[in-house]
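K.L.:
One structure, pasted below without further comment.
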Amino acid sequence: MKIVESGIRAVNQGENIRVVTPVNIYECTLGDDVFVGPFVEIQKGCVIGNRSKIQSHTFICENVTLGDDCFIGHGVTFANDLFKTGSPDSCAENWINIVLGNAVTVGSGATILTTEICSGAVIGAGSVVTKPVLVKGIYAGNPAKLLRLL
Ligand SMILES: CC(C)(COP(=O)(O)OP(=O)(O)OC[C@H]1O[C@@H](n2cnc3c(N)ncnc32)[C@H](O)[C@@H]1OP(=O)(O)O)[C@@H](O)C(=O)NCCC(=O)NCCS
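Count along the sequence shown starting at 1, add 210, and that's the number in our numbering.
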């Protein structure tokens, strides 16, 4: 059995970051004043903007960019391989990049399967976001729909 320890490796770090272990965070960038709760994974190529908070048990896949002042609730999943060919795609070039603007709030247990969520948008708990969110508002459900504009 080969055991690979989780941990924090090759992270570009801003100032005053707070991380509650255990976590698995590697080859990514954490801005100033970022908070990361326990049991979070942040994969390579991610950028977490200044003052953004990531609550426990969240999974942030490769190539996710969060703006400043985002709040990512507990147990949120970002997915970049959408299984478009009918199975997991080992070719990373086929995966989507996901970009959240500034001050995006994502409720606990949401799943993000889309490329973009605009600044100031709110995603309800347990929502499955399958289309880009381009207008500031509150979105919820599976698939997530606009509840109201903000
Ligand atoms: C979506 C949310 C922000 C509320 O938005 P809102 O615009 O105030 O919505 P309302 O409470 O007025 O509900 C409007 C409708 O959406 C539904 N709704 C609310 N939240 C929902 C959700 N997460 N998923 C699906 N539907 C939801 C309501 O049942 C209601 O339906 P109805 O019109 O058929 O009665 C809130 O319910 C939510 O999910 N917050 C996330 C909280 C969270 O995860 N916090 C983490 C703390 S660590």
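Glycine residues also receive a C-beta, built at the ideal position from the N, C-alpha and C atoms. Since the model is a prediction, treat every value here as computed from it, not as a measurement.
Going by DSSP in three states, Ala-220 sits in which element: helix, strand or coil?
P.N.:
Along the sequence shown, read from residue 1 onward, the residue named residue 220 stands at position 10. Residue state, collapsed to three classes: coil.
K.L.:
Per DSSP, what are the beta-bridge partners of Gly-347 in this structure?
P.N.:
Translated into positions along the sequence shown, residue 347 becomes position 137. The partner list for Gly-347 (beta bridge, DSSP) reads Leu-359.
K.L.:
Using only alpha-carbon positions, find the residue among Leu-292, Gly-319, Val-230 and Ser-318 that is nearest to Lys-341.
P.N.:
For the purposes of this step, residue 341 is identified with residue 131 of the sequence shown, where counting begins at 1. Minimum Cα distance to Lys-341 is reached at Leu-292.
K.L.:
Looking at C-beta atoms only, is the number of pairs between the stretch 318-328 and the stretch 274-293 that lie closer than 8 Å three or more?
P.N.:
Flag = yes, the stretch 318-328 and the stretch 274-293 touch.
K.L.:
Should Ile-354 be labelled buried (16 or more other beta-carbon atoms within 10 Å of its own) or exposed?
P.N.:
The count along the sequence shown starts at 1 and reaches residue 354 at position 144. The sequence shown places Ala at residue 354, rather than the Ile named in the question. Looking at its Cβ environment, which holds 16 or more other Cβ atoms inside 10 Å, Ala-354 is buried.
K.L.:
In angstroms with no decimal places, state the Cα-to-Cα distance between Ala-335 and Phe-288.
P.N.:
Here residue 335 corresponds to residue number 125 of the sequence shown, with the count starting at 1. Here residue 288 corresponds to residue number 78 of the sequence shown, with the count starting at 1. Rounded to the nearest angstrom, the two C-alpha atoms are 14 Å apart.
K.L.:
What are the start and end residues of each continuous beta strand (DSSP E) run of 3 or more residues lying completely inside the stretch 269-347, in chain order?
P.N.:
Fully enclosed beta strand (DSSP E) runs of 3 or longer: 274-276 and 308-310.
K.L.:
Give me, in chain order, the residues of the same chain whose beta-carbon lies closer than 6 Å to that of Thr-239; leave out the 5 immediate sequence neighbours on both sides.
P.N.:
Looking up residue 239 in the sequence shown gives position 29. Asn-222 and Val-257, listed in sequence order.
K.L.:
Following the continuous beta strand (DSSP E) through Ile-235, name the residue where it begins and the one where it ends.
P.N.:
Start at 1 with the first residue of the sequence shown, and residue 235 comes out as number 25. Note, Ile-235: beta strand (DSSP E), 234-236.
K.L.:
Can you name the residues that DSSP bridges to Arg-408?
P.N.:
Residue 408 falls outside the range modelled here, since the chain spans only 211 to 360, and no answer is possible.
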